[in-house]
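In my numbering, the protein residues as written are 1384 to 1815. In what follows, a structure is listed as structure tokens, so that the remarks can point back to it.
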Amino acid sequence: MCVENTPPPSGRLTRRGVLAGAAALAGTSAVLAGTAPAASASSGARRGEAPGRGGDLVVEGGRLLDPATGEVTEDAVVVIAGGVVRAAGSRGRVGRLPGGVPVLRAHGQWILPGLVDAHIHLNTAAEARDAVLKGATSARSGSTNFYQDIAVRELARQAPEQAPRLRAAGVFVTPDLGDTILADPDLAPLARLRDGVRSAEALRRVVEVNLARGADTIKTRVNERAGLPEQDPLVQVYDHEQLSTIVAAARRRGKGVLCHSYSEKGCHDAVTAGIRSLEHGAFVGERTLHEMRRRGTYFTPTLTAIAGLAESSDPVLAERGRTYLPVLKRAVLAAHELGVPLAAGTDSSGGTVDPIGREVELMHAAGLSALDAIRTATTGAAKLLGLDTTAGRLARGFAGDVLVVDGDPLADLGVLSRPARVVRAGFAVPVA
């Protein structure tokens, strides 16, 4: 059984209808209804770019940290106009401030760029807003069941204070789609496949449907899940050839692939197949890390998720978390020392949003310096998402996304999980 003779997904069923259904599921319809008209399918909304409008704001008086250089500026000023940074630096260098613009006073506090969560599952408007409140002003989806992330991405464009700037992954390319088969009529031919989504034709089909609906990236797996006690995360579900098929289908449209992985063989197969980033990767080995450095493959270890397993009430999951976490920390440090690019991601899902600052703390606990740990959630993650000229810094031309914290993050990374104020595209978002 295959889908070789099924016509390609329609470009016309596409984004408007899918977006409407996804918005209803995500609970974003009411918010979107009160905003400016949605952009066309070919617009920046589909590409996850910064919104066409934003707020005007001046942030002044705190210490400004630039993650790219490590430079700290005393008595700093950040001027945001239309959601974009127009000036950032010391008061003396910025000069005269614009009149009639709201001012956020940060005296005695630290100012950083909004953080980036490179692996998160946002299924509802409430989760999207919670992510912003906890400091993630940009993010990459780790997939959703029914394209809710496509709707959240549109919400972020139309009402940026309500959601992180998002790279959407659409639906998971996995052997058993389950109820996700109902996410799109063009997935229906796959329902009769006895072995699930495994053939080259079926794999290409799921990728093509995702891309036709406007996904920015493709999410797949090479191993089973760690968060389900009945599964063994070291069991491989796709081989090198199947992963290569997924990567090739995505690349034909200029998209990358993020791959859920655990075993060393699985990690190596995924990396050599050409994925853009390795997710989780607890047992990634030295030969694979060397290959990742050579290829520029990113490592998103999601330490927060693995640490969460150790706190599970399920004894199988708790033991798995306790076993995997120290192994993963060693892998993170080895990757960093080799020069493998790292990105912070919480893998938040199931209605609970973990603060991305917690992932930064765990990066530090794995052996990274405080500044390098912060970079995994700023400049490093931004580059992975293709946002390296938009997010991760507060400099002229970058997005007006700001985190204000009550303390020196270089001395206490815990302050990142407790932001005093969050600014998203020039709009100050109340955190309490």
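For every residue, glycine included, the Cβ atom is placed at its ideal position computed from N, Cα and C. Predicted, not measured: the structure shown is a model, and the values here were computed from it.
message: What would DSSP say about A1433, mapped onto helix, strand or coil?
response: Reliability of the predicted coordinates at A1433 is poor, the pLDDT of 46 falling under 50, and the value obtained from them is presented with this limitation in mind. Correct three-state label for A1433: coil.
field: Exposure label - P1698; buried when at least 16 CB within 10 Å
entry: exposed
Short Cβ contact (7 Å threshold) for G1553 with R1596: yes
task: Run through the stretch 1511 to 1536 for me and flag every whole beta strand (DSSP E) of 3 or more residues, listed as ranges in chain order.
output: 1519 to 1524
- prompt: Three-state secondary structure (DSSP) at K1638?
  reply: coil
query: Smallest Cα separation from G1632: which of C1650, E1662, N1593, A1609?
result: The residue you asked about is not Gly; residue 1632 is Ala in the sequence shown. Nearest C-alpha to A1632: N1593.
field: Stretch pair the stretch 1649 to 1656 + the stretch 1617 to 1626: three plus CB contacts closer than 8 Å
entry: yes
message: I believe R1488 touches E1443 by the beta-carbon criterion, under 8 Å. Please report the beta-carbon distance rounded to the nearest angstrom.
response: 6 Å
task: Return the CA-CA distance between G1740 and P1572, expressed in angstroms with no decimal places.
output: 42 Å
query: Taking the continuous beta strand (DSSP E) assigned at R1604, which residues delimit it?
result: 1601 to 1604
message: Looking at L1447: is its Cβ nearer than 7 Å to the Cβ of A1459?
response: yes
task: Take the Cβ of H1643 as the centre, count every other Cβ of all protein chains shown within 10 Å, and call the residue buried at 16 or more, exposed below.
output: buried
task: Rank S1646, S1521, A1574, R1512 by C-alpha distance to the C-alpha of V1667 and give the top, closest one.
output: S1646
- request: Please specify which runs of the beta strand (DSSP E), each continuous and at least 3 residues long, are wholly inside the stretch 1647 to 1671, giving them in chain order.
  value: 1660 to 1663
- request: Reducing DSSP to helix, strand and coil, say where P1558 ends up.
  value: coil
message: Below 8 Å, how does it come out for the stretch 1494 to 1503 and the stretch 1556 to 1572: are there three or more Cβ pairs, yes or no?
response: no
- request: Could you pull out every residue in the same chain whose Cβ sits closer than 7 Å to the Cβ of I1757, ignoring the five residues on either side in sequence?
  value: P1450, V1743, P1792
- prompt: How long is the line joining the alpha carbons of K1638 and G1475, rounded to whole angstroms?
  reply: 43 Å
- request: Name the two residues that bound the continuous alpha helix (DSSP H) containing Y1707.
  value: 1698 to 1721
- prompt: Exposed or buried, P1485, counting other C-beta atoms within 10 Å across all chains shown (16 or more means buried)?
  reply: exposed
message: Please report the straight-line C-alpha distance between G1453 and D1755, rounded to a whole angstrom.
response: 9 Å
- prompt: Can you tell which of G1497, R1587, A1718 has the C-alpha that lies nearest to the C-alpha of L1777?
  reply: G1497
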